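Visitor:
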Amino acid sequence: MWVMQAGSQDIEKGWIAYTSNRGGSYDIWLYQLNGGLNSRITDGMGMEFSVPYWAPDNSKIAFIGVNNVVFVLDIATRAIARIDQIEPYTLLDWSPDSRSLVYVKNGRIMIYDTFTHRSYFLLEVGARDAQWFPSGKELIFAAPDINGNTQIYRIRTDGSNRRQITRNTGGPLHQLRISPDGKFALYTFPGASISLISVVNLETGATNTLAGGSLSKNYFPAWSPDSQNIAYSATEFKEPTYYSHIQIDSFMGNHQRTITISNCFSTPVDWSPDGKKIAYLSGCTNAERASQLWIVDISEQRPVYLLNGGQMTALQWSPKIRRPPHYTFTSFIYMVSFPYPANWSQVSEERYEGPDGFFQVSAISGSEDISDVCSSEAYHPLMPYGSSPMVIQTSIQHQDACFIYPSADQPPEMNQQAALIVRYPRPVQIGGTYYNYFILYADVNHIRSIGGRLTFIQ
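Here you go:
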């Protein structure tokens, strides 16, 4: 079910999402790096353990919140989907195309399509920390072998070609994280009181261990965007209290540097999209949690205070958007404009096609109730979207809209066609007829990215 909440944000300039109870209850907040705007984007849905996970295209944030529910928040529309209920602290990972989530639940690796709200699973007893390879065709995860030692595996998303990467004999491994280029993975071992960081080559299985801090308490390791370095929190002690060094090291472990200090026992860290800064938490008093958000420039090693208030438990910097080249379609007949992939070609005045998809534009007349219009299109007697399509109400350019996603039994000749219906700000005359709704047809893999950037020509 989708719950609509008003508001929108421009996230192109960079944001840090963080978890805080500064509003009274734990929620997800956004801090804008350029301008200092600080806003709460959920209302009583977070928990102390909630971690915000950005989709690669910055369009959504996933997190585990109240009642252990997995929520997916659409940044532009503020629509929130409740998709599952899982254990706290479970890792959530977005597919490279920002469409699907992978996570572990009850010994199953779940793959959930956030567009169609359908899922399937791969049975892997004891699995955890499931993540995508950059190809989007394979997953990495950790699971115990027959001797109880944690090993790292890779598997195709259809469950085939399962391969063991490590030959670990030392017990459990934790916090498995794949590098952005998919060539390496880091993990911590053996536990919490002693926590070392190792890196494994995913092709050869060769491993090396970083030196880390003097107390061997190294937490929250995070890969740099270029996969060359790892940042982490290294706990230290000076009478009468613990604190932490924010350190970075190369993945080979031969270039350790302390960048700054937090007065917390440990702190989550994350890299800026350009790899030049690190965000972290500080402001701990006695045994209390962090209350301050900071960033530090790596080259200058100069920390910058951003904000404080309440208790903060997690953070994540919005990733750099890597959009493929595109052209802009503009129609003064249908009075709309939107981007489309640059390798698609025009086949008619209303239709463009490419090797990986298509779009077609049209207009329709209908009742004032958009739900009736969407239902009529989705459940047409000829079943162009299959027998049980998914209709999701939303808004585009502040106008009522809905996405229609096909069911699995959609006729093959429809080429995975989905649709977006949007109410015109004012009825548009085409020929001798006035139309009050614009409709965009596109393949299911592009309907969201194209339709979400649609604008009306005034």
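Residue numbers for the sequence shown follow this note's numbering, beginning at -12 and rising by one.
We put the CB at the ideal spot given by N, CA and C, even for glycine.
Bear in mind that the values here come from a model prediction, so they are computed numbers and not experimental data.
1) Since Leu88 sits in a beta bridge, which residues does DSSP pair it with?
2) Kindly indicate which three-state DSSP category Pro377 falls into: helix, strand or coil?
3) For Trp(-11) and Phe325, what's the separation of their Cα atoms in angstroms?
4) Distance check for Glu364 and Asp168, CA to CA, integer angstroms please.
5) What is the rounded straight-line gap between the Cα of Val446 and the Cα of Ala63?
6) Count the other CB atoms within 10 Å of the CB of Asn155; is the residue buried (16 or more) or exposed (fewer)?
7) In whole angstroms, what is the alpha-carbon distance linking Gly418 and Ala350?
8) If the criterion is Cβ atoms closer than 8 Å, does the pair Ile391 and Pro368 meet it?
9) Report the option in Tyr140, Ser211 and Ile235 whose CA atom is closest to the CA atom of Gly192.
10) Assuming Phe252 and Tyr229 make a contact with CB atoms under 8 Å, what is their CB distance in whole Å?
11) Below 8 Å, can you find three or more Cβ-Cβ pairs linking the region 388 to 404 to the region 68 to 76?
12) Which stretch, first to last residue, makes up the beta strand (DSSP E) that contains Gly344?
13) State the Cα-Cα distance for the pair Asn195 and Ser182, rounded to the nearest angstrom.
14) Roughly how many angstroms lie between the CA atoms of Met32 and His104, to the nearest whole one?
15) For Asp116, does the three-state DSSP call read helix, strand or coil?
16) My parser needs the beta strand (DSSP E) runs of 3 or more residues fully inside the region 391 to 438; what are they?
17) Bridge partners for Trp331 per DSSP, in chain order?
18) Spatial neighbours of Trp41 within its chain, please: CB distance less than 7 Å, with the 5 preceding and 5 following residues excluded, ordered by chain position.
19) With distance defined between alpha-carbon atoms, name the residue in Ala429, Asn54, Arg276 and Gly439 nearest to Gln347.
20) Do three or more CB pairs link the region 80 to 87 to the region 391 to 406 at distances below 8 Å?
21) Quick one: Cα of Gly297 to Cα of Glu275, how far?
Guide: The answer reads as follows:
1) In the sequence shown, the residue the question calls residue 88 occupies position 101. Trp81 and Tyr99, per the DSSP bridge assignment.
2) Numbered from its first residue, the sequence shown carries residue 377 at position 390. Rather than Pro, the amino acid found at residue 377 in this sequence is Met. Three-state DSSP puts Met377 in a strand.
3) Walking along the sequence shown from the start, residue -11 turns up at place 2. Walking along the sequence shown from the start, residue 325 turns up at place 338. Reliability fails at Trp(-11), whose pLDDT of 26 lies under 50, so the model's placement of it is uncertain and the value that follows must be treated cautiously. Near 25 Å, if we compare the C-alpha coordinates of Phe325 and Trp(-11).
4) Looking up residue 168 in the sequence shown gives position 181. Looking up residue 364 in the sequence shown gives position 377. Going by the C-alpha atoms only, they are around 42 Å apart.
5) Any question about residue 446 goes unanswered here, given that the chain covers just -12 to 445.
6) Numbered from 1 along the sequence shown, position 168 holds the residue referred to as residue 155. Buried is the call here.
7) Here the question's residue 418 lines up with position 431 in the sequence shown. Here the question's residue 350 lines up with position 363 in the sequence shown. Looking at the two C-alpha atoms, the distance is approximately 12 Å.
8) For the purposes of this step, residue 391 is taken as residue 404 along the sequence shown, with counting starting at 1. For the purposes of this step, residue 368 is taken as residue 381 along the sequence shown, with counting starting at 1. When the beta-carbon positions are compared, Ile391 and Pro368 stay at least 8 Å from each other.
9) On the sequence shown, residue 192 is found 205 positions in, with the first residue counted as 1. In this structure, Tyr140 is the residue among Tyr140, Ser211 and Ile235 with its C-alpha nearest to the C-alpha of Gly192.
10) Within the sequence shown, the letter at position 265 stands for residue 252. Within the sequence shown, the letter at position 242 stands for residue 229. About 5 Å separates the CB atoms of Phe252 and Tyr229; that is less than 8 Å, so the two are in contact.
11) Touching, no.
12) As a first step, residue 344 must be located in the sequence shown, where it is residue number 357. For Gly344, the enclosing beta strand (DSSP E) stretches over residues Gly344 to Ile351.
13) Here residue 195 refers to the residue found at position 208 of the sequence shown. Here residue 182 refers to the residue found at position 195 of the sequence shown. Straight across, the Cα-Cα distance linking Asn195 with Ser182 is about 14 Å.
14) What you label residue 32 is simply residue 45 of the sequence shown in a count that begins at 1. What you label residue 104 is simply residue 117 of the sequence shown in a count that begins at 1. The alpha-carbon atoms of Met32 and His104 are separated by roughly 20 Å.
15) Position 129 of the sequence shown, counted from the start, is the residue given in the question as residue 116. Here Asp116 sits in strand by DSSP.
16) Residue ranges of uninterrupted beta strand (DSSP E) with 3 or more members, entirely inside the region 391 to 438 and ordered along the chain, are 404 to 417 and 420 to 430.
17) Along the sequence shown, read from residue 1 onward, the residue named residue 331 stands at position 344. Bridge partners of Trp331: none, in fact.
18) In the sequence shown, counting from the first residue as 1, residue 41 sits at position 54. Correct list, in chain order: Ala4, Ile48, Gln303, Ser305 and Pro306.
19) Stepping through the sequence shown from its first residue, residue 347 is reached at position 360. The shortest C-alpha separation from Gln347 is found at Ala429.
20) Contact between the region 80 to 87 and the region 391 to 406 is absent, with fewer than three C-beta pairs closer than 8 Å.
21) Along the sequence shown, one-based indexing puts residue 297 at 310. Along the sequence shown, one-based indexing puts residue 275 at 288. Rounded to whole angstroms, the gap between the alpha carbons of Gly297 and Glu275 is 10 Å.
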